[in-house]
Amino acid sequence: MTALAALIRRDIRIALRVGGGALIGVLFFLSVVVLMPFALGPDLALLARLGPAILWLGALLASLLTLDRLFMADHEDGSLDLIVMSRTPLELACAAKALAHWLAAGLPLIVATPVLGLLLNLDAAPTSAVALTLLAGTPALTFTGMIGAALAVTLRRGGLLLAVLVLPLSIPVLIFGVAASQAAITEPRSFGAPFSILCALSLVSLVVGPFAAAASLRHGLD
Amino acid sequence: MRLLGREVSCVRGGREVFSGLDFEATSGEALAVVGRNGSGKTSLLRLIAGLLAPFAGSIGLEGGDVELTLPEQCHYLGHRDALKTALSVSENLGFWRDFLGGAKFDPAEILARVGLDHAADSPASFLSAGQRRRLSIARLLTVQRPIWLLDEPTNALDSEGQSVFTALMTDHLARGGLIVAATHIPLGVAARELRLGDAM
């Protein structure tokens, strides 16, 4: 347990320091959302209708942006070799790294959502619905993204490959995340069903992600 | 305790690096792996560390901890320092101590042994190459592992650093440890030589 706590603490600390990924993700999220009203025009009703989808897309892209460093940084400086060799099971180490990444890069996106909701003319209820679905859905993005990060770790310009690998896997999360958020705006639709599926997707990725990532790291290293 | 390699072959990128290699090393003994560039010294260390899979043959440990795999009983000091430039010297060392499970060792004391105590709070990004090496050597002391796998360990070290490191290796061997080191220059401790490449 000490080992995993140390790993999580270290990764969060690095992410929060200068040059770390935590702030970059939020700034990117901010820029995507701020640009939208300029592209779509000042139609407030349209913005409110598209708001949840824009927030979800922004969050998806922002979480992808910093994901390629998840294993790449450790691979470049040799830490990954030592993590693979250590007595801590690699699956748990992967889960710890993904958790740290989510805490440092995913959570700030959710915290920023209410502020960005204002820019898209979203009321309190839809904004909190989007924040809630992001809270339930972004772990799935991180933990499935981790599989791509582990596959791309030894490749030059792996970040691009990562996007190609991970985006198709994130489609279900996007569909149910936006569906649940939209349900909070248009009353008759049910919020519970898509939200439950979103939670299920996160739980599945929480289990599958670490095993798949660890397997690909073991085979990919040389 | 005895580290044993039998008929080990290594293939990297479709090219055979070495084949049919036999080696052994016992407790208290250092094995110096020598050979020209590209003869597979680093590959051999990574095979022992479990980071590469042998193409043929086997590498095993007799008399070690039966509950642990061979890599779990090794310290690996590779070309890359495994340091995070965003963290301070003591944070770097503290992380490896906690992650490798050496809770009882005091980082400050270890830093003093490798001559880095004055730099404990400075960011690792400001360290010179020699200081980075010293810091990664400090990692070997945070937790006790019977086997040290060293890849060009004295690279970038000054003569004082080399003598500190020699003392650490002598100490490790005296306590029944085992060292496998890839090196171009004399290791500084009595070592059996394993020559890779042309002389085989």
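These protein sequences, in sequence, are chains W and S.
Counting from 1, one number per residue, gives the positions in the first sequence under the numbering used here.
Counting from 1, one number per residue, gives the positions in the second sequence under the numbering used here.
Heads up, the beta-carbon is just placed ideally off N, CA and C, and yes, glycines get one too.
*Pairing CB atoms from the stretch 197-216 of chain W with CB atoms from the stretch 90-106 of chain W, are three or more of them under 8 Å?*
Touching, yes.
*What number of angstroms, rounded off, separates the C-alpha of I110/S from the C-alpha of V164/S?*
For I110/S and V164/S, the distance between alpha carbons rounds to 12 Å.
*In this structure, does DSSP put S63/W in helix, strand or coil?*
The answer is helix: DSSP assigns S63/W an H, G or I state.
*Pull up the distance between the alpha-carbon of L70/W and that of P210/W, whole angstroms please.*
Distance between the alpha carbons of L70/W and P210/W: 13 Å.
*asked:* With a threshold of 6 Å on Cβ separation, who are the neighbours of F195/W within its own chain once the five nearest residues in sequence on each side are excluded?
replied: Taken in chain order, the residues that qualify are A180.
*Should Y76/S and D171/S be called a contact, given that it needs their Cβ atoms to be closer than 9 Å?*
No, the pair does not count as a contact, with Cβ atoms beyond the cut-off.
_Taking a contact to mean a Cβ-Cβ separation below 9 Å, would you say G63/S touches S27/S in this structure?_
It is a contact, given that the beta carbons lie within the stated cut-off.
*asked:* Within 9 Å of any Cβ in chain W, is that where the Cβ of F15/S sits?
replied: The residue you asked about is not Phe; residue 15/S is Arg in the sequence shown. Cβ-Cβ to chain W under 9 Å: no for R15/S.
*Within-9 Å CB hit, E91/S to chain W*: It does; some Cβ of chain W falls within 9 Å.
*Specify whether the stretch 78-87 of chain S and the stretch 62-79 of chain W touch according to this definition: at least 3 beta carbon pairs, one from each stretch, less than 8 Å apart.*
The stretch 78-87 of chain S vs the stretch 62-79 of chain W: in contact.
_Using DSSP's beta-bridge definition, name the partner residues of P123/S._
According to the DSSP secondary-structure assignment, P123/S is paired through a beta bridge with S88/S.
*Any Cβ of chain S within less than 9 Å of the Cβ of S216/W?*
No, because no Cβ of chain S sits closer than 9 Å to the Cβ of S216/W.
*In its own chain, which residues sit with a C-beta less than 7 Å from the C-beta of V34/W, not counting the 5 before and 5 after it?*
Scanning its chain for C-beta atoms nearer than 7 Å, with the 5 sequence neighbours on each side dropped, one finds around V34/W the residues L119, in chain order.
*Contacts of D81/S in chain W (Cβ-Cβ under 7 Å)*: Correct list: D77 and G78.
*asked:* What would DSSP say about H219/W, mapped onto helix, strand or coil?
replied: In this structure, H219/W counts as helix in the three-state DSSP scheme.
_Check for me: the alpha helix (DSSP H) holding A101/W runs from which residue to which?_
At residue 101/W the sequence reads His, which differs from the Ala that was named. DSSP places H101/W in the uninterrupted alpha helix (DSSP H) bounded by L90 to H101.
*Within 10 angstroms of the Cβ of F126/S, are there 16 or more other Cβ atoms? Answer buried if so, exposed if not.*
F126/S is exposed by the Cβ-count criterion.
*asked:* If you follow the alpha helix (DSSP H) that A181/S is in, where does it begin and where does it stop?
replied: Element bounds for A181/S: not the alpha helix (DSSP H) but the beta strand (DSSP E), L178 to A182.
*Ends of the alpha helix (DSSP H) at S31/W?*
A22 to L40 is the extent of the alpha helix (DSSP H) around S31/W.
*Rounded C-alpha distance that separates S88/S from R17/W*: So the alpha carbons of these two residues sit roughly 11 Å apart.
*Provide the residue(s) that pair with H75/S in DSSP beta bridges, ordered along the chain.*
Answer is W148/S.
_On the DSSP bridge list, what partners appear for C10/S?_
F18/S.
*Please go through the same chain and pick out, in chain order, the residues whose beta-carbon is closer than 6 Å to the beta-carbon of A120/S, but skip the five residues on each side of it.*
Contacts found: V89, S90 and L111.
*How far does the alpha helix (DSSP H) with A82/S in it reach, from first residue to last?*
Counting along the chain, A82/S falls outside any alpha helix (DSSP H), and DSSP gives it neither H nor E.
*Can you give me the start and stop residues for the alpha helix (DSSP H) that A174/S sits inside?*
Counting along the chain, the alpha helix (DSSP H) containing A174/S begins and ends at S159 to A174.
*Just the C-alpha distance for P107/S and P146/S, rounded to the nearest angstrom, thanks.*
Distance between the alpha carbons of P107/S and P146/S is about 20 Å.
*Go ahead and pull the three-state DSSP assignment for L3/S.*
Strand, per DSSP.
*Could you say which of A59/W, L44/W, G158/W and H219/W lies nearest to A140/W if we only look at CA atoms?*
Comparing alpha carbon positions, the residue from A59/W, L44/W, G158/W and H219/W closest to A140/W is A59/W.
*Which same chain residues, not among the five before or five after P114/W, have their C-beta less than 8 Å away from its C-beta?*
Within the same chain, P114/W has close Cβ partners T127, S128 and A131.
*Determine the chain S residues that contact L82/W at a beta-carbon separation under 7 Å, and present them in chain order.*
For L82/W, the chain S residues whose C-beta falls within less than 7 Å of its own C-beta are Y76 and A82, listed in chain order.
*Compare the C-alpha of S202/W against each of G21/W, L107/W, A5/W and A136/W and name the closest.*
In terms of CA proximity to S202/W, A136/W leads the group G21/W, L107/W, A5/W and A136/W.
*Going straight from the alpha carbon of V84/W to that of R46/S, what length do you get?*
Straight-line spacing of the CA atoms in V84/W and R46/S works out to 12 Å.
*Under a CB-based cut-off of 9 Å, is F99/S close to chain W?*
Yes, F99/S counts as interfacial toward chain W.
_Between which residues of its own chain and G102/S is the CB-CB distance below 6 Å, once the five residues before and five after are set aside?_
Counting only Cβ-Cβ distances below 6 Å, and skipping sequence neighbours, we find T142 and V143.
*Based on Cα-Cα distance, which residue from A167/S, F99/S and L168/S lies nearest to L4/W?*
With distances taken between Cα atoms, L4/W lies closest to F99/S.
_Using only the alpha-carbon positions, how far apart do T186/W and G117/W sit?_
If you take the alpha carbons of T186/W and G117/W, they lie about 17 Å apart.
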